[in-house]
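Have a look at the structure below before the remarks.
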Amino acid sequence: MEEFYTLAMIMSIATFTLSTVITPGPNNIMLLSSGLTFGYKRTIPHMLGIMIGFPFMVLLVGLGLGFIFEKFPIIFSILKIIGIIYLFWMAFKIANNKSSFNVKKGKESKPFTFLQSAAFQWVNPKAWIMAITAISVFVTSKDDNLIQILIIAFIYMISGVISTNTWTAGGVVLKRFLKSEHSVRIFNITMAILLIASVLPIIIE
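Residue numbers (my numbering): 129 to 333.
Encoded structure:
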């Protein structure tokens, strides 16, 4: 691995990827809410969709998708608008989650499936910014760029394992302190507000 990256560069990539995926954002806020509302086991497909879906997205961006956005910035702008609208819709769904506090009885809403979670990465503005930034900063060799892209995607996958488990487990732990459906609803409304707040910097820029 040091043939393509020094150990110091590997550590820099690991620090960057973990700091970008573990900080509050659309994925993590929804995982926290899902962990509390549906429990850890039922949130696993959601987690896997992020763990696999985002690194795959990084891989495709590295293989040339980012170049398309540089050449046709209007495409990125349109995608960002679609993503923001979708996030507002997700915030509405979270705020109005009427699942039973007993997740085994909750039938009115369901956690994300693997495919829904993986597809969500493509309309998540923060995910696009993270992927494009990582590729533009850490792909340093024209000759070994494919190996470097694969390494970056792999490190993102490892970071994703840490982040998704942390936020989902956080939701599960919070459920011990929220003792009623009313408190869960208040929590989900708070998460919806935070979800909207997480995309405000993208809207303003």
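Glycine included, each C-beta is placed from N, C-alpha and C at the ideal position.
In this structure G190 does not touch P253 by the C-beta definition: roughly 19 Å separates them, more than the 8 Å allowed.
Within the same chain, no Cβ atom closer than 6 Å to the Cβ of L243 is found once the five residues on either side in sequence are excluded.
C-alpha of W295 to C-alpha of T261: approximately 23 Å in a straight line. Cβ neighbours of A320 within its own chain (closer than 6 Å, five residues either side excluded): A219, I222, A223. In this structure, the beta-carbon distance from S162 to F248 does not fall below 8 Å. When the beta-carbon positions are compared, S245 and G181 come within less than 8 Å of each other. It is roughly 15 Å from the alpha-carbon of I202 to the alpha-carbon of V251.
Annotation: K270 is outside any alpha helix (DSSP H) and is labelled neither H nor E by DSSP. Taking the CA atoms as reference points, T165 sits about 11 Å from S308.
In this structure, the straight-line span from the alpha carbon of H310 to that of T145 is close to 36 Å. R304 sits in coil when the DSSP states are folded into three classes, being neither helix nor strand. In this structure, N155 places its C-beta atom within 8 Å of the C-beta atom of I178. Of the candidates V301, I324, L187, L187 places its Cα closest to the Cα of I279. Note on F305: under 16 other CB atoms within 10 angstroms of its CB, so exposed under the neighbour-count rule. Take the alpha-carbon of I150 and the one of F315: they are about 20 Å apart. In this structure, the alpha-carbon of T134 lies about 47 Å from that of S237. For the 8 Å CB-CB criterion, P173 and A281 do not form a contact.
Buried is the label assigned to V312, since at least 16 other Cβ atoms lie within 10 Å of its Cβ.
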